[in-house]
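Visitor: In numbering that gives the first Met the number 0, the protein residues as written are 0 to 660. Below: one structure in structure tokens.
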Amino acid sequence: MRRTVKLQLAFVSIVVGLVALLMGVRMAMTTHEKLSNIQNLQRIVSLSTSISLLVHESQKERGTSAGYLGSSGKKFADKLPSQRQLTDQERARYRQALQTIDLSRFPASLGEQIQTIDTMLSNLESIRKRVDTFAISAAEQVDFYTLLNKHLLDIVTSSSMLSNNPETIKQLNAYANFLKAKERTGIERAVLSNTFAADAFAPNMFVKLITLVSEQASYLDAFLGTASPASIAFYQKTMQSPVVGEVEKMRSSAITKANEGHFGVDATVWFNTITDKINLLKSVDDHLSAEIEQTLNALEASTYRHVWIEGSVLVLTALIIIVLLYATFKDVLQAITVSGKKLESIASNLDLTESLTLKNDNEISDTMKQVQTLILNFKASISKALETSDQSVEASHSLNSVSADLSCNIEKQNRFMHTVQSDMQRLKAKELEMKHTSFQTCQDLQQTQEILNTFVMNMRSVVDRTRQSAQEQHALSSQVESLSQQATQIKEVLSIIDDIADQTNLLALNAAIEAARAGEHGRGFAVVADEVRKLAERTQASLLDISTTTNVIVQTINLVSNETEKISQSFFRLSQDTNQLIGDSERTSATLSRTIEISEQQSNEHTLVAQTAETFMQQIDDMTSLSEHNNALGERVKEISGQLLTKAQNANIELRRFRIR
């Protein structure tokens, strides 16, 4: 779908209308919500007024019942029936006010509170019967009425949460706090009515009285902190009544004589006096209720006034927007139509001399002026383009000639590059062969060096073992020499033993002579002497054998010692010769290392040459590819130059179609 200006302007008009409509609907909904909230508050305040009246009569019935129970029926018997009738009247009025409220428009908690109150009101007759028959204590009946009044006052307290107006919220909070203070005053009436009737405090009643007095002060402080100046002034003026002072005196008497009793206060007088005070509080209650209703009425009137003002402004604004849109759309569409016809004429006739000036003075006329300027610039550009086109035709002829020469030169360059490429291929192959030979030589030298190093290591091992053997032979020679010395020492010992054997033999001979002299008595001794002589002879014979053997051993040891020394000298000479051979081998290995290093350097140089040749060949390949690509580009340039010549001639023809003079 084509998005024309007319369509877009119509769309803008629809959007503006919808926005205005939505604003009107939103304003209407907001106003309806405000008015609905105000009306709900008015109904709740009306209900709060009926609740206040019901609580007021409930308080009086609570006090009358407490006095009746405290006096055991002697007092308040005449007042109780009439008070119950007043309470029933306010209960009926409360239910009538409740019928005017749609609970579905309020929080569910309000319905629950009302249901609880209905349950307690249905139990009211049962409580009254128990009071009549003295089947209930004063404290229990006071608690019942107190709880009932609490639930009733909770509705008044919760009404402040339904408002979104700060002034109304403050007034409702002040009203709720005042009603709670008034409720504590009613409980005080019941407690002291029972106390004065009995002329003594029942259990826990004194504590309850003190609590009630404290709570009254707290709620009144809260009331004074949130109430309006007019309400505070009315309250203070009302509380200047002498009745308030009398109530304070009776309360002080009860507190002062709490322990002993005998207050000297008649329960009926107390009831009537504090009832007068509560009636004064009721007048303040009525004033606060009237003030809240007046505030809500003023708020409702203000809301209606704002509705009319905002509605009028909205309608007036919408009319102004409609008029402005109509005038704007008319000028815009007229300017678009005229400018469209002029541009269409220029497009069909290619006449750049036509004027585009419009009568209207707006953005479209400014745009047409810019278009006129653009056309003037376009005329100048076309004039220059014609000159350039003629020059392009001449340049295209020259480009054709240059392209032909370029193609010929590129072909010659390609043939030269192919020749260089073939020579470099042969050089690369030769260099690779030299690199392989150098690498093989380097490997052989490395293998020879490894064998020589292994030989040197083995020779060093032989030298070590030879030195060790020489040292062992030298040690063996030392041991053999030591053994020879020990054999010599053995010979010396044997010589000594031989001398001892000779002396033993001589002693045995002497002993035999002495035994022969002794005759029969020396026969045993002669036997011993003979055995000793034989032993000495065997010892000498053994010593001769040992001496002979020892001489042989000594000769053998000397021979072994000489041979061992010769072997040790041979080992030392072998070690020296081997060390010389190792030195020669190490010098040879060092020479091989230098040779291998030179061979590796030559191999690396051959590798570098091969890499350089490879790089050079790659560059030649790149140059060849580039040359071939240039050849193709030359052919393409030649082709394009021909096409450019044709297009330049065609452009020249097309440019001459425009009228610029």
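Virtual Cβ for every residue (Gly too), placed ideally from N, Cα, C. None of these values were measured; they are calculated from a predicted model.
Starting from the Cα of Glu124, find the closest Cα among Ala511, Glu613 and Glu60 and give me that residue.
Guide: For the purposes of this step, residue 124 is identified with residue 125 of the sequence shown, where counting begins at 1. The candidate whose alpha carbon is nearest that of Glu124 is Glu60.
Visitor: Tell me the residue span of the alpha helix (DSSP H) that contains Gly224.
Guide: Position 225 of the sequence shown, counted from the start, is the residue given in the question as residue 224. Counting along the chain, the alpha helix (DSSP H) containing Gly224 begins and ends at Met204 to Thr225.
Visitor: Distance check for Ile50 and Ala96, CA to CA, integer angstroms please.
Guide: As a first step, residue 96 must be located in the sequence shown, where it is residue number 97. As a first step, residue 50 must be located in the sequence shown, where it is residue number 51. Rounded to whole angstroms, Ala96 to Ile50 spans 9 Å at the Cα level.
Visitor: To which residues of the same chain is Ser745 closer than 7 Å at the C-beta, ignoring the five residues directly before and after it?
Guide: In the structure as shown, the chain begins at 0 and stops at 660. Residue 745 is therefore absent and cannot be evaluated.
Visitor: Assuming contact is defined by CB atoms lying nearer than 8 Å, are Met416 and Ser584 in contact in what I supplied?
Guide: Working through the sequence shown from its first residue, we reach residue 416 at position 417. Working through the sequence shown from its first residue, we reach residue 584 at position 585. Against a cut-off of 8 Å, the Cβ pair of Ser584 and Met416 comes out as no contact.
Visitor: Got a sec? Which residues, its chain only, sit under 6 Å from Glu68 by beta carbon, not counting five neighbours each side?
Guide: As a position in the sequence shown, residue 68 is number 69, starting the count at 1. Residue identity differs from the one stated: residue 68 is Leu in this sequence, not Glu. Correct list, in chain order: Ala137.
Visitor: Specify the secondary structure class of His261 as computed by DSSP and reduced to three states.
Guide: As a position in the sequence shown, residue 261 is number 262, starting the count at 1. Correct three-state label for His261: coil.
Visitor: Are there 16 or more other CB atoms within 10 angstroms of the CB of Glu56, so buried, or fewer, so exposed?
Guide: For the purposes of this step, residue 56 is identified with residue 57 of the sequence shown, where counting begins at 1. Looking at its Cβ environment, which holds 16 or more other Cβ atoms inside 10 Å, Glu56 is buried.
Visitor: Can Ser624 and Asn413 be called in contact, C-beta distance under 8 Å?
Guide: In the sequence shown, counting from the first residue as 1, residue 624 sits at position 625. In the sequence shown, counting from the first residue as 1, residue 413 sits at position 414. No. Outside cutoff.
Visitor: Indicate whether Ala511 and Ala535 have their beta-carbon atoms separated by less than 8 Å.
Guide: Counting from 1 along the sequence shown, the entry for residue 511 is found at position 512. Counting from 1 along the sequence shown, the entry for residue 535 is found at position 536. Taking 8 Å as the Cβ cut-off, Ala511 and Ala535 do not qualify as a contacting pair.
Visitor: Mind checking whether Arg90 and Leu53 have CB atoms under 8 Å apart?
Guide: Locating residue 90 in the sequence shown gives position 91, where the first residue counts as 1. Locating residue 53 in the sequence shown gives position 54, where the first residue counts as 1. Yes. Within cutoff.
Visitor: Which of the three DSSP states, helix, strand or coil, is assigned to Asp77?
Guide: In the sequence shown, residue 77 corresponds to position 78, counting from 1. In the structure shown, Asp77 sits in coil (DSSP, three-state: anything other than H, G, I, E or B).
Visitor: Thinking C-alpha only, which one of Glu564, Ser71, Arg522 and Ile489 is nearest Ser198?
Guide: Taking the first residue of the sequence shown as 1, we reach residue 198 at position 199. This sequence places Asp at residue 198; Ser is not what is there. The option with the nearest alpha carbon to Asp198 is Ser71.
Visitor: How many angstroms separate the CA atom of Val526 from the CA atom of Ala540?
Guide: One-based indexing of the sequence shown puts residue 526 at position 527. One-based indexing of the sequence shown puts residue 540 at position 541. In a straight line, the C-alpha of Val526 is about 21 Å away from that of Ala540.
Visitor: Taking just the CA atoms, how far does Ile581 sit from Val462?
Guide: Counting from 1 along the sequence shown, the entry for residue 462 is found at position 463. Counting from 1 along the sequence shown, the entry for residue 581 is found at position 582. Val462 and Ile581 have their alpha carbons spaced roughly 9 Å apart.
Visitor: Using a Cβ distance threshold of 8 Å, determine whether the stretch 161–178 contacts the stretch 198–216, with at least three qualifying pairs required.
Guide: no
Visitor: Cα separation between Thr294 and Gln235?
Guide: Taking the sequence shown and counting its residues from 1, one reaches residue 294 at position 295. Taking the sequence shown and counting its residues from 1, one reaches residue 235 at position 236. Inter-residue distance for Thr294 and Gln235 is about 21 Å (C-alpha atoms, whole angstroms).
Visitor: Rounded to the nearest angstrom, what separates Leu323 and Ala317 at their Cα positions?
Guide: Here residue 323 refers to the residue found at position 324 when the sequence shown is read from its first residue. Here residue 317 refers to the residue found at position 318 when the sequence shown is read from its first residue. Leu323 and Ala317: Cα-Cα distance of roughly 10 Å.
Visitor: What's the C-alpha gap between Val370 and Phe328?
Guide: In the sequence shown, counting from the first residue as 1, residue 370 sits at position 371. In the sequence shown, counting from the first residue as 1, residue 328 sits at position 329. Approximately 22 Å, taken between the alpha carbons.
Visitor: Leaving out the 5 sequence neighbours to the left and right, which residues in its chain are closer than 8 Å to Ser588 when beta-carbon positions are compared?
Guide: Taking the sequence shown and counting its residues from 1, one reaches residue 588 at position 589. So the qualifying residues of the chain are Gln448, Leu451, Asn452 and Val455.
Visitor: Within 10 Å of its beta-carbon, does Lys74 have 16 or more other beta-carbons around it, so buried, or fewer, so exposed?
Guide: Indexing the sequence shown from 1 puts residue 74 at position 75. Buried.
Visitor: Applying the criterion that 16 or more other CB atoms from any shown protein chain within 10 Å of the CB defines a buried residue, is Tyr325 buried or exposed?
Guide: Counting from one through the sequence shown, the residue named residue 325 turns up at place 326. Tyr325 should be labelled exposed.
Visitor: Do Phe270 and Phe222 have their C-beta atoms within less than 8 Å of each other?
Guide: Here residue 270 is taken as the residue at index 271 of the sequence shown, counted from 1. Here residue 222 is taken as the residue at index 223 of the sequence shown, counted from 1. The Cβ-Cβ distance between Phe270 and Phe222 does not fall below 8 Å.
Visitor: With contact counted as at least three CB pairs below 8 Å, one residue from each stretch, are the stretch 543–551 and the stretch 488–495 in contact?
Guide: yes
Visitor: If you count every other CB in all the chains shown that lies within 10 Å of the CB of Phe663, and 16 or more means buried, which is it?
Guide: No answer is possible for residue 663: it lies beyond the span of the chain, which begins at 0 and ends at 660.
Visitor: So, is Gly66 buried or exposed, given that buried needs 16 or more other C-beta atoms within 10 angstroms?
Guide: Within the sequence shown, numbered from 1, the residue matching residue 66 stands at position 67. Per the 10 Å Cβ criterion, buried.
Visitor: How long is the line joining the alpha carbons of Gly62 and Lys181, rounded to whole angstroms?
Guide: Taking the sequence shown and counting its residues from 1, the one referred to as residue 62 is at position 63. Taking the sequence shown and counting its residues from 1, the one referred to as residue 181 is at position 182. Approximately 13 Å between the Cα atoms of the pair.
Visitor: What are the boundary residues of the alpha helix (DSSP H) that includes Asn193?
Guide: Locating residue 193 in the sequence shown gives position 194, counting from the first residue. Element bounds for Asn193: Pro165 to Ala197.
Visitor: Per DSSP, what kind of secondary structure is Pro106 in: helix, strand or coil?
Guide: Start at 1 with the first residue of the sequence shown, and residue 106 comes out as number 107. Coil, per DSSP.
Visitor: Below 8 Å, how does it come out for the stretch 282–293 and the stretch 183–190: are there three or more Cβ pairs, yes or no?
Guide: With a cut-off of 8 Å, the stretch 183–190 and the stretch 282–293 do not count as touching, because too few Cβ pairs lie within range.
Visitor: In the DSSP assignment, find the alpha helix (DSSP H) that holds Gln140 and state where it starts and stops.
Guide: Indexing the sequence shown from 1 puts residue 140 at position 141. Taken as a continuous stretch (DSSP letters only), the alpha helix (DSSP H) holding Gln140 covers Ala137 to Ser157.
Visitor: Can you check whether the CB of Ile126 is closer than 8 Å to the CB of Leu151?
Guide: The residue given as residue 151 occupies position 152 in the sequence shown. The residue given as residue 126 occupies position 127 in the sequence shown. It is not a contact, given that the beta carbons lie outside the stated cut-off.
Visitor: Which residue comes first and which comes last in the alpha helix (DSSP H) that contains Asp101?
Guide: As a first step, residue 101 is located in the sequence shown; it is residue number 102 there, counting from the start. That residue, Asp101, is in no alpha helix (DSSP H); it is neither H nor E in DSSP.
Visitor: By the three-class DSSP mapping on this structure, what secondary structure does Ala134 have?
Guide: Here residue 134 refers to the residue found at position 135 of the sequence shown. Ala134 carries a coil assignment under DSSP once its states are collapsed to helix, strand and coil.
Visitor: Between Asn348 and Leu643, what straight-line distance do the alpha-carbon atoms span, to the nearest angstrom?
Guide: If you number the sequence shown from 1, residue 348 lands on position 349. If you number the sequence shown from 1, residue 643 lands on position 644. The alpha-carbon atoms of Asn348 and Leu643 are separated by roughly 28 Å.
Visitor: Could you check the C-alpha separation between Asn504 and Ala514 for me, to the nearest Å?
Guide: Translated into positions along the sequence shown, residue 504 becomes position 505. Translated into positions along the sequence shown, residue 514 becomes position 515. One C-alpha to the other measures close to 15 Å.
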